[in-house]
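Beneath this line is the structure, given in structure tokens, with notes to follow.
2 protein chains.
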Amino acid sequence: MGDARPVYQRIADDLRERIDGGDLSVGAQIPSRSQLKRAYAASDQTVDRAVRVLKAAGYAQGQFGRGVFVADRTPVGSLLRSTGAVDSPFAARLVPGGVALTWEAVSTPAPAPREAARRLGIPAGDRVMCTQYEYLADRKPVQLAVSWEPLALTDGTDVVFPERGPYARRGVRGRFAAIGIRVVRAAELVGSRSATTAEAEALGCAPGQCVTTLERTHYDERGRAVETSEAVVRADRWRLEYDIAFTG
Amino acid sequence: MGDARPVYQRIADDLRERIDGGDLSVGAQIPSRSQLKRAYAASDQTVDRAVRVLKAAGYAQGQFGRGVFVADRTPVGSLLRSTGAVDSPFAARLVPGGVALTWEAVSTPAPAPREAARRLGIPAGDRVMCTQYEYLADRKPVQLAVSWEPLALTDGTDVVFPERGPYARRGVRGRFAAIGIRVVRAAELVGSRSATTAEAEALGCAPGQCVTTLERTHYDERGRAVETSEAVVRADRWRLEYDIAFTG
DNA sequence: TCGAATTTGTGCGTATGTATC
DNA sequence: GGATACATACGCACAAATTCG
Numbered sequence: 001m002g003d004a005r006p007v008y009q010r011i012a013d014d015l016r017e018r019i020d021g022g023d024l025s026v027g028a029q030i031p032s033r034s035q036l037k038r039a040y041a042a043s044d045q046t047v048d049r050a051v052r053v054l055k056a057a058g059y060a061q062g063q064f065g066r067g068v069f070v071a072d073r074t075p076v077g078s079l080l081r082s083t084g085a086v087d088s089p090f091a092a093r094l095v096p097g098g099v100a101l102t103w104e105a106v107s108t109p110a111p112a113p114r115e116a117a118r119r120l121g122i123p124a125g126d127r128v129m130c131t132q133y134e135y136l137a138d139r140k141p142v143q144l145a146v147s148w149e150p151l152a153l154t155d156g157t158d159v160v161f162p163e164r165g166p167y168a169r170r171g172v173r174g175r176f177a178a179i180g181i182r183v184v185r186a187a188e189l190v191g192s193r194s195a196t197t198a199e200a201e202a203l204g205c206a207p208g209q210c211v212t213t214l215e216r217t218h219y220d221e222r223g224r225a226v227e228t229s230e231a232v233v234r235a236d237r238w239r240l241e242y243d244i245a246f247t248g
Numbered sequence: 001m002g003d004a005r006p007v008y009q010r011i012a013d014d015l016r017e018r019i020d021g022g023d024l025s026v027g028a029q030i031p032s033r034s035q036l037k038r039a040y041a042a043s044d045q046t047v048d049r050a051v052r053v054l055k056a057a058g059y060a061q062g063q064f065g066r067g068v069f070v071a072d073r074t075p076v077g078s079l080l081r082s083t084g085a086v087d088s089p090f091a092a093r094l095v096p097g098g099v100a101l102t103w104e105a106v107s108t109p110a111p112a113p114r115e116a117a118r119r120l121g122i123p124a125g126d127r128v129m130c131t132q133y134e135y136l137a138d139r140k141p142v143q144l145a146v147s148w149e150p151l152a153l154t155d156g157t158d159v160v161f162p163e164r165g166p167y168a169r170r171g172v173r174g175r176f177a178a179i180g181i182r183v184v185r186a187a188e189l190v191g192s193r194s195a196t197t198a199e200a201e202a203l204g205c206a207p208g209q210c211v212t213t214l215e216r217t218h219y220d221e222r223g224r225a226v227e228t229s230e231a232v233v234r235a236d237r238w239r240l241e242y243d244i245a246f247t248g
């Protein structure tokens, strides 16, 4: 029977099936290049390319001089995106329980980039507070984010710096509530793509790995955008969780 | 200065920057292998690998005998995941407007697979109605999904087949309402990963491309799971859209 | 219509560097 | 030191598709 797939694809699919089927379990070593070469009567390059496909898919990761091992892809948790909690911008449901969630943030005033300005409904170049977040679970990076808030709303108040002052680290809703702005709605756009080399570096995963992308805008009761953010989440072991209530 | 990146990665990053910067616009042809070989004084394999990285990232796609061209990655729309609409399981916000949204479905009774049974809170192997969906925009596949509903709930009613009968093609809420079950809540888990070769085949994209994954469970007012589904969405041009209302 | 040139996609053999055992 | 293994890179080759003279 003719198999249209190229050799490297067939080898990669075979290995993926062996992993999914449990024949190769998490932590197990994938046959080495010389073994695969013999088994499939293929060249060095070809089997290497097959293994690269597996690694790009997050199924395995290589260790220099040791071998290539089946990666652990069981989800460690999910980031809760629909929570009404005002006390933290980083809530998660964890599978076993016992992972320390922390984050760091750095804020600098800046002119609004075009895309952020469009989402905020303000002229590009208007002054905004730009905050870069790094979210960690057990000291390992999970999510990178950057947020923009119009300084026209927060300048002169004590919530102007998201990570400083009496309302520090409270999350968007809690902080804006302190200056009399009720955040009642958020719109979130979710996508995915492969990580850039810079993102892969920051997230501690291989370049080209899959990441989930977020684009969120918060609105007050008058429908005015008060904050917008973009985030990149490691997709290998983290998911997003939405709770949808149907009204009426 | 020493650049730690391997040659193929440097070439790939260069090309990606030229695309992001607009030097190479959508539809433009990427320099051919022989041109890249000369430009970077690299080998055949190396430049080919660089271009493979670009293609895997969805930045470009090759055409046999013609060349490699910059892919159009502007979003064509977003799938609305929080809508209260009961009349369709496939709602979307479209960027220009004018894309025909259709879907096909095939249902067969089957024993519940382990994961689906766990999410439905029923014993594995219990009879369920298993429905496979294919969602299309302008005849091109956007999303694949498979849904499970316990036959204990729907057997003998006229909503047992999601795509047949008086309440056909209505979506989960509308159909269950017809048999007196009020679906008031859904929980959705969103992740992403690279497509399997089978998924890539069905979605009409290259194997290894990034897809967004969905895992949704619908609950009635007593908190009982009445339906669960898994879906795979093309990530190159489609996103998910959530509307989050903060109560209280 | 034929043929040559170009380009992608795949594949083989070999070599080098580096890390681990 | 030596064997093994990964990661990168070079040179070459061929099939299939397109383009152009």
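If you read the sequences in order, they're chains A and B.
Just so we're aligned, residue 1 is where the first sequence starts under the working numbering, counting upward by one.
Just so we're aligned, residue 1 is where the second sequence starts under the working numbering, counting upward by one.
From the three backbone atoms N, C-alpha and C, an ideal C-beta is built for every residue, glycine too.
Exercise for the section: Just list the alpha helix (DSSP H) runs in the region 9–96 of chain A, keeping only unbroken ones of 4 residues or longer that don't cross its boundaries, in chain order. Expected result: 33–40, 44–56
Exercise for the section: Give the residues of chain A in contact with GLY191 of chain B, contact being defined as C-beta atoms less than 7 Å apart. Expected result: Here residue 191 of chain B corresponds to residue number 191 of the second sequence, with the count starting at 1. Within 7 Å Cβ-Cβ: THR212, ALA235, ARG239.
Handout entry: Residues, ordered as in the chain, of the region 155–184 of chain A that lie near chain B by beta-carbon distance below 9 Å
Key = ARG173, ARG182, VAL183, VAL184
Exercise for the section: Note the first and the last residue of the continuous alpha helix (DSSP H) segment covering VAL160 of chain A. Expected result: As a position in the first sequence, residue 160 of chain A is number 160, starting the count at 1. Careful: VAL160 of chain A lies outside any alpha helix (DSSP H) and carries neither H nor E.
Practice task
Put GLY174 of chain A into one of helix, strand or coil per three-state DSSP.
Solution key: Here residue 174 of chain A corresponds to residue number 174 of the first sequence, with the count starting at 1. Three-state DSSP puts GLY174 of chain A in a helix.
Exercise for the section: Can you grab the Cα-Cα spacing for the pair THR154 of chain B / ARG93 of chain B, in whole Å? Expected result: Within the second sequence, numbered from 1, the residue matching residue 154 of chain B stands at position 154. Within the second sequence, numbered from 1, the residue matching residue 93 of chain B stands at position 93. If you take the alpha carbons of THR154 of chain B and ARG93 of chain B, they lie about 31 Å apart.
Practice task
Just list the beta strand (DSSP E) runs in the region 109–143 of chain B, keeping only unbroken ones of 3 residues or longer that don't cross its boundaries, in chain order.
Solution key: 127–137
Problem - Identified DSSP bridge partners for TYR167 of chain B - result: Against the second sequence, residue 167 of chain B aligns to sequence position 167. DSSP lists no partner for TYR167 of chain B.
Practice task
Note down, in chain order, each residue of its chain lying with its Cβ closer than 8 Å to the Cβ of ALA186 of chain A, except the 5 sequence neighbours on either side.
Solution key: The residue you call residue 186 of chain A lines up with position 186 of the first sequence. Cβ neighbours of ALA186 of chain A beyond the five flanking positions: ARG216, THR217, HIS218, TYR219.
Exercise for the section: Note down, in chain order, each residue of its chain lying with its Cβ closer than 7 Å to the Cβ of ARG38 of chain B, except the 5 sequence neighbours on either side. Expected result: Counting from 1 along the second sequence, the entry for residue 38 of chain B is found at position 38. None.
Practice task
Give a yes or no on whether the minimum CB-CB distance between PHE246 of chain A and chain B is below 8 Å.
Solution key: Here residue 246 of chain A refers to the residue found at position 246 of the first sequence. Yes, PHE246 of chain A counts as interfacial toward chain B.
Handout entry: Cα-Cα separation between ALA245 of chain B and SER147 of chain A, rounded to whole angstroms
Key = By 1-based counting over the second sequence, the position of residue 245 of chain B is 245. By 1-based counting over the first sequence, the position of residue 147 of chain A is 147. Near 20 Å, if we compare the C-alpha coordinates of SER147 of chain A and ALA245 of chain B.
Handout entry: Coarse secondary structure for THR228 of chain B, derived from DSSP in three states
Key = Residue numbering aside, residue 228 of chain B sits at position 228 when the second sequence is read from its first letter. Reduced to three states, the DSSP call for THR228 of chain B is strand.
Practice task
Would you please verify whether the beta carbon of TYR135 of chain B is less than 8 Å from any beta carbon of chain A?
Solution key: On the second sequence, residue 135 of chain B is found 135 positions in, with the first residue counted as 1. No - not a single Cβ of chain A is within 8 Å of the one on TYR135 of chain B.
Practice task
Can you say whether SER192 of chain A is buried or exposed, counting buried as having 16 or more other CB atoms within 10 angstroms of its CB?
Solution key: Position 192 of the first sequence holds residue 192 of chain A. It counts as buried.
Practice task
Compute the beta-carbon to beta-carbon distance between GLU230 of chain B and ALA145 of chain B, rounded to the nearest angstrom, for a pair I have assumed lies under 8 Å.
Solution key: By 1-based counting over the second sequence, the position of residue 230 of chain B is 230. By 1-based counting over the second sequence, the position of residue 145 of chain B is 145. Their Cβ separation, rounded to whole angstroms, is 7 Å, which keeps GLU230 of chain B and ALA145 of chain B in contact under 8 Å.
Problem - For ALA105 of chain A, the nearest candidate out of A:GLN143, A:ALA206, A:PHE69, A:THR83 (CA to CA) - result: To locate residue 105 of chain A, count along the first sequence from 1; it is residue 105. Comparing Cα positions, the closest option is A:GLN143.
Problem - Backbone secondary structure at GLU201 of chain B - three-state DSSP - result: One-based indexing of the second sequence puts residue 201 of chain B at position 201. Correct three-state label for GLU201 of chain B: helix.
Handout entry: Proximity below 8 Å, CB of PHE69 of chain A to CB of GLY27 of chain A
Key = Your numbering for residue 69 of chain A matches position 69 in the first sequence. Your numbering for residue 27 of chain A matches position 27 in the first sequence. A contact, by the Cβ cut-off of 8 Å.
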